[in-house]
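First comes the structure, then the notes that go with it.
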Amino acid sequence: MRVEGSGVYRTESGMIFRVSEDTDGHLSVGVLRDAKWVEGRVGIVGLRVAPTTVRLTPKQVLSLPR
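Here the sequence shown is numbered in my numbering, starting from 1103 and rising by one per residue.
This is the structure in structure tokens:
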């Protein structure tokens, strides 16, 4: 299963997180908390492949705080 390096996701519990991959392949994670993006644990990236986690559409991502 191939997962793209960057994207914004929502877990079944409602947590919204974004994963970014830089040009060197390093991953960083941001978690949306109280309408602000805060740094998240890199281990969260594994939730991307959970069957109950959904990738947000571009329209959904635009509605989130920057």
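Even for Gly, the Cβ is constructed at its ideal location relative to N, Cα and C. Everything numeric in this text was worked out from a predicted model, so none of it was measured.
In whole angstroms, give me the CA-to-CA distance for residue 1148 and residue 1168.
23 Å
How many angstroms separate the CA atom of residue 1113 from the CA atom of residue 1124?
23 Å
Out of curiosity, what's the CA-to-CA distance linking residue 1108 and residue 1116?
19 Å
Please list, in chain order, all residues of the same chain as residue 1111 whose beta carbon is under 8 Å from its beta carbon, the five residues on each side excluded.
1118, 1119, 1120, 1121, 1149, 1150, 1155, 1156, 1157, 1158
Along the alpha helix (DSSP H) that carries residue 1163, what are the first and last residues, could you check?
1160-1164
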